[in-house]
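Residue numbers (the numbering used here): 41 to 167.
Written out as structure tokens, the structure is:
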């Protein structure tokens with residue numbers, strides 16, 4: 041019985057800090073992608089914005105894969121996360137090539153990967 045009691049609990053809810061970081065990450069992702077997409081940025085800056093966005097997304101994935109006591113990913117979480125890096129191409133094309141879009145289109149394009157990242161992280165909140 042002691043071994044069972046000492047086993048990690050995989051059903052713990054996400055901490056308040058993790059939830060706050062989720063909201064901040066999604067806000068930063070959508071803001072940076074939208075601002076870079078609405079303004080004409082140089083190629084190097086566009087590449088850096090896209091690389092930083094991908095790094096943010098992958099960092100959350102690694103956080104959920106490597107953390108001790110984390111439950112395995114469900115099929116839904118795997119599918120949702122699969123599309124997060126792919127949808128970075130929607131605003132990324134405008135950002136990298138410096139083709140500025142109007143403000144509404146830039147925010148709409150940035151909202152797609154941000155919404156999918158938010159969906160993935162909210163799905164991971166229940167452990």
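For every residue, glycine included, the Cβ atom is placed at its ideal position computed from N, Cα and C.
- Going by C-alpha positions, residue 153 is about 10 angstroms away from residue 159.
- Contact between the region 93–108 and the region 117–135 is present: 3 or more CB-CB pairs across the two stretches fall below 8 angstroms.
- In this chain, the alpha helix (DSSP H) harbouring residue 71 covers 56–78.
- Of 75, 136 and 68, the smallest CA-CA separation from residue 84 is found for 136.
- A direct Cα-to-Cα measurement between residue 149 and residue 161 gives close to 20 angstroms.
- Going by C-alpha positions, residue 80 is about 18 angstroms away from residue 128.
- Its chain contains 163 as the residues whose beta carbon lies nearer than 8 angstroms to that of residue 116, once the 5 sequence neighbours on both sides are disregarded; these appear in chain order.
- For the pair residue 53 and residue 166, the CB atoms are nearer than the 8 angstroms cut-off.
- The DSSP assignment places 115–127 and 129–137 as complete runs of the alpha helix (DSSP H) inside the region 99–143, in order along the chain (cut-off: 4 residues).
- For residue 74, the CB contacts under 6 angstroms within the same chain, skipping 5 residues up- and downstream, are 146, 147 and 150 in chain order.
- Annotated three-state conformation of residue 162 is helix, per DSSP.
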